[in-house]
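Participant:
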Amino acid sequence: MAKKIRVLMAKPGLDGHDRGAKVVARALRDAGMEVIYTGLRQSPEDIVEAAIQEDVDAIGLSSLSGAHMALFPEVVKVLKKRGAGDILVVAGGIIPDDDIPKLKKAGIKAVFGPGTPLADIVAFFRSSAK
Amino acid sequence: MKIVEQVLKGDKRAAGKLISMIEDDDAGATEALAAIYPHTGKAHVVGFTGPPGVGKSSLINRLIREFRVRDRKVGVVAVDPTSPFTGGAVLGDRIRMSDTGTDPGVFIRSMATRGHSGGLALATFDAVKVLDALGIDLIFVETVGAGQSEIDIASRAHTTVVVQMPQSGDAVQALKAGILEIGDIYVVNKTDLGGADSMASNLDFMLEERQGWRPPVVQTSALEGKGIKELADAINKHYRYLKGGGGWRRRESDRARKELYESMKRLLAEAYSDETEGVAFEEVVGAIVVRKTDPRSAAKTLLRDLKLPK
Numbered sequence: 001m002a003k004k005i006r007v008l009m010a011k012p013g014l015d016g017h018d019r020g021a022k023v024v025a026r027a028l029r030d031a032g033m034e035v036i037y038t039g040l041r042q043s044p045e046d047i048v049e050a051a052i053q054e055d056v057d058a059i060g061l062s063s064l065s066g067a068h069m070a071l072f073p074e075v076v077k078v079l080k081k082r083g084a085g086d087i088l089v090v091a092g093g094i095i096p097d098d099d100i101p102k103l104k105k106a107g108i109k110a111v112f113g114p115g116t117p118l119a120d121i122v123a124f125f126r127s128s129a130k
Numbered sequence: 131m132k133i134v135e136q137v138l139k140g141d142k143r144a145a146g147k148l149i150s151m152i153e154d155d156d157a158g159a160t161e162a163l164a165a166i167y168p169h170t171g172k173a174h175v176v177g178f179t180g181p182p183g184v185g186k187s188s189l190i191n192r193l194i195r196e197f198r199v200r201d202r203k204v205g206v207v208a209v210d211p212t213s214p215f216t217g218g219a220v221l222g223d224r225i226r227m228s229d230t231g232t233d234p235g236v237f238i239r240s241m242a243t244r245g246h247s248g249g250l251a252l253a254t255f256d257a258v259k260v261l262d263a264l265g266i267d268l269i270f271v272e273t274v275g276a277g278q279s280e281i282d283i284a285s286r287a288h289t290t291v292v293v294q295m296p297q298s299g300d301a302v303q304a305l306k307a308g309i310l311e312i313g314d315i316y317v318v319n320k321t322d323l324g325g326a327d328s329m330a331s332n333l334d335f336m337l338e339e340r341q342g343w344r345p346p347v348v349q350t351s352a353l354e355g356k357g358i359k360e361l362a363d364a365i366n367k368h369y370r371y372l373k374g375g376g377g378w379r380r381r382e383s384d385r386a387r388k389e390l391y392e393s394m395k396r397l398l399a400e401a402y403s404d405e406t407e408g409v410a411f412e413e414v415v416g417a418i419v420v421r422k423t424d425p426r427s428a429a430k431t432l433l434r435d436l437k438l439p440k
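So the protein lines, in turn, are chains A and B.
Take the first sequence: its letter number 35 is residue 35 in the numbering used here, and every next letter is one higher.
Counting from 1 along the second sequence, just add 130 to a position and that's the residue number in the numbering used here.
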């Protein structure tokens, strides 16, 4: 059996806008991946714990509340602390352009803003997740 | 094997990875499973089945908390369907089990069926073994929302919980064979909807004592947290019943028989999928199509001449 790409989709923080996360989840499903959807209001610790138990190749984080600079790098930090730094972290949502280089420096591998074609996101997961 | 040692020490990352190896049927999976098998057999395995949307995940979420209060380590393997068209899946059971967060005494794994039927994935009960070896005391297996005939769970779990809800059919539904014969415990969830009493009494009317165990009907509301203690007590009571009589041994024999049979089937499929045997197999397929032989006789001949892969 071929190796399946497994992706955890999570929404850290307090905003309840999960349509974007769901649309991406569906696109990844249609591309043959297994997507574990964890729902709203997750702490970075919750997300990392779930990623370890589910043994995912990548984590997709979505935030529309503006709290991404506080929450996204924290996920990368906790992953490293738990010895799971090899899990890819990708972000989406409302992220100001100025923040993108900072997030990348903090270990977020890619940032997909509104209007990104779903095919681009799928292609990124395919080529980057082992 | 290093990964097996790590699992036996309680390393969750290793357990997660080992389950993936098994799901992907990686080269080391068979050897790893052989190495952990002697360390399994301690956990109480409880299967949950019932129609989609009946509240299985929410009930399990409540039960995790209840059993954590009782100081048991709890594992969950939750199965959702794989798309037959794309091979992808969205696994959403975890959404309803998010209360436990980072509790070190809980391990939840979502699993896609990957084409397997019967409401389970091929790797489901191997994942259960990994959790058992990890030191989990109580393992819940949630099937795909099953219809009326997905009953594989009953031959694999020690305790099978069948979940129903009110207003989902009259007394005749309860008379139907299949899923309503496999439960050790029946649950009428969503009592908050009303009509649970009549559903429960319809079910209760159908149930009989078998080998010294009369399946109870427990009414719960996962939404309101009602009846959860009673359900947890019923699960423990069934465990004591199995351990007290010959039930545990009988269930283990059922499981072992089924797993042995499935492993043999799998070996057969593998044996005929390699290059040389695969060609021979296809030749026989051709002979059956043109009526030179028939499937039953050809199967006998093939099995007689079979060389198994190493």
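Cβ atoms here follow ideal geometry from the backbone N, Cα and C, with glycine treated the same way.
Predicted model, so just to flag it, every value in this text is computed and none were measured.
Measure how close the beta-carbons of B:Thr-254 and B:Met-241 come, nearest whole angstrom, since I'm counting them as under 8 Å.
Facilitator: Yes, B:Thr-254 and B:Met-241 are in contact; Cβ-Cβ is about 6 Å, under 8 Å.
Participant: I want to know whether the segment 212-231 of chain B touches the segment 36-45 of chain A - three or more CB-CB distances under 8 Å.
Facilitator: Touching, yes.
Participant: Three or more C-beta pairs closer than 8 Å, one from the segment 173-183 of chain B and one from the segment 263-271 of chain B: is that the case here?
Facilitator: With the cut-off at 8 Å, the segment 173-183 of chain B and the segment 263-271 of chain B touch.
Participant: For the segment 170-219 of chain B, which segments carrying the beta strand (DSSP E) assignment without a break, of at least 3 residues, lie completely within its bounds, in sequence order?
Facilitator: The segment 170-219 of chain B contains these whole beta strand (DSSP E) runs: 174-179, 204-210.
Participant: Output, in chain order, the set of chain A residues within a Cβ distance shorter than 8 Å of B:Phe-237.
Facilitator: Within 8 Å Cβ-Cβ: Gln-53.
Participant: I'd like to know whether the C-beta atoms of B:Met-295 and B:Leu-250 end up nearer to each other than 9 Å.
Facilitator: For B:Met-295 and B:Leu-250, no; Cβs fall outside 9 Å.
Participant: Could you check whether the Cβ of B:Arg-244 sits closer than 9 Å to any Cβ belonging to chain A?
Facilitator: Chain A contact via Cβ: present.
Participant: Does A:Lys-3 get closer than 9 Å to chain B when you measure Cβ to Cβ?
Facilitator: Yes, its Cβ sits closer than 9 Å to a Cβ of chain B.
Participant: Considering only the beta carbon of each residue, do A:Ile-94 and A:Phe-72 sit closer than 9 Å?
Facilitator: Their beta carbons are not under 9 Å apart, which means A:Ile-94 does not touch A:Phe-72 by this criterion.
Participant: Taking 9 Å as the CB-CB cut-off, is B:Val-137 touching chain A?
Facilitator: No - not a single Cβ of chain A is within 9 Å of the one on B:Val-137.
Participant: So, with DSSP's three-state summary, where would you put B:Tyr-371?
Facilitator: Three-state result, B:Tyr-371: helix.
Participant: Whose CA, out of B:Tyr-371, B:Lys-437, B:Lys-367, B:Asp-155, lies closest to the CA of B:Leu-85?
Facilitator: Residue 85 of chain B is absent from the model: chain B starts at 131 and stops at 440.
Participant: Quick one: complete alpha helix (DSSP H) runs, 4+ long, within the segment 320-371 of chain B?
Facilitator: Within the segment 320-371 of chain B, the complete alpha helix (DSSP H) runs of at least 4 residues are 326-336.
Participant: Give the secondary structure of B:Leu-250 by DSSP, where H, G and I count as helix, E and B as strand, and everything else as coil.
Facilitator: Coil at B:Leu-250, not helix or strand.
Participant: Quick check on B:Glu-153 - is its C-beta less than 9 Å from some C-beta in chain A?
Facilitator: By this cut-off, B:Glu-153 is an interface position.
Participant: Given that A:Glu-74 touches chain B, what residues does it touch there, using C-beta distances under 7 Å?
Facilitator: Those do not exist, as A:Glu-74 stays about 14 Å from chain B at its closest Cβ, beyond 7 Å.
Participant: Select from B:Ile-365, B:Asp-154, B:Lys-373 the residue whose C-alpha is nearest the C-alpha of A:Val-56.
Facilitator: For the residues B:Ile-365, B:Asp-154, B:Lys-373, the minimum Cα distance to A:Val-56 belongs to B:Asp-154.
Participant: Round the Cβ separation of A:Tyr-171 and B:Val-274 to the nearest angstrom and send it over; I've been treating them as touching at under 8 Å.
Facilitator: What is shown of chain A runs 1 to 130, which leaves residue 171 of chain A out entirely.
Participant: Among residues of its own chain, excluding the 5 on either side of A:Gly-13, which ones have a beta-carbon nearer than 6 Å to its beta-carbon?
Facilitator: Cβ neighbours of A:Gly-13 beyond the five flanking positions: Ser-63, Ser-65, Ala-67, Leu-71.
Participant: Is the CB of A:Asp-120 under 9 Å away from at least one CB in chain B?
Facilitator: With 9 Å as the cut-off, A:Asp-120 does not count as an interface residue toward chain B.
Participant: If we define contact as Cβ-Cβ less than 9 Å, is B:Arg-202 a contact residue for chain A?
Facilitator: Not an interface residue.
Participant: Relative to chain E, which residues along the segment 209-235 of chain B have a C-beta separation below 7 Å, given in chain order?
Facilitator: Checking the listed chains, one finds no chain E in this structure; the protein chains it contains are A and B.
Participant: Within the 9 Å Cβ cut-off, does B:Ala-162 reach chain A?
Facilitator: Cβ-Cβ to chain A under 9 Å: no for B:Ala-162.
Participant: Helix, strand or coil for A:Ser-65 per DSSP?
Facilitator: DSSP places A:Ser-65 in coil when its eight states are reduced to three.
Participant: Tell me the DSSP secondary structure of B:Tyr-402 in three-state form.
Facilitator: B:Tyr-402 falls in the coil class under three-state DSSP.
Participant: Could you check how far apart the C-beta atoms of A:Ile-100 and A:Val-111 are, in whole angstroms? I think they sit under 8 Å.
Facilitator: The Cβ separation is near 5 Å, so the contact holds.
Participant: Can you tell me the Cβ-Cβ gap for B:Ala-362 and B:Glu-161, rounded? I've got them flagged as a contact below 8 Å.
Facilitator: So it is not a contact: roughly 37 Å between Cβ atoms.
Participant: To which residues of the same chain is A:Phe-125 closer than 7 Å at the C-beta, ignoring the five residues directly before and after it?
Facilitator: Taken in chain order, the residues that qualify are Ile-5, Val-7, Leu-28, Met-33, Ala-58.
Participant: Tell me whether the beta-carbon of B:Ala-428 lies closer than 9 Å to the beta-carbon of B:Ile-418.
Facilitator: Yes; because the gap between Cβ atoms is below 9 Å, this pair is in contact.
Participant: Ignore the nearest five residues each way along the sequence and tell me which others in B:His-246's own chain have a CB closer than 7 Å to its CB.
Facilitator: Taken in chain order, the residues that qualify are Leu-252.
Participant: Going by beta carbon distance, what residues of the same chain come within less than 6 Å of B:Arg-286, once the five residues before and after it are set aside?
Facilitator: Phe-255, Arg-385.
Participant: Mind the definition here: the segment 373-391 of chain B touches the segment 347-364 of chain B only if three or more C-beta pairs lie below 8 Å; say whether that holds.
Facilitator: No, because fewer than three Cβ pairs between the segment 373-391 of chain B and the segment 347-364 of chain B fall closer than 8 Å, the two stretches do not touch.
Participant: Taking 8 Å as the cut-off, does the segment 330-348 of chain B touch the segment 308-319 of chain B (at least 3 CB pairs, one atom from each stretch)?
Facilitator: Enough Cβ pairs lie closer than 8 Å, so yes.
Participant: Pick helix, strand or coil for B:Ala-386, following the three-state DSSP scheme.
Facilitator: Note: B:Ala-386 maps to helix in three-state DSSP.
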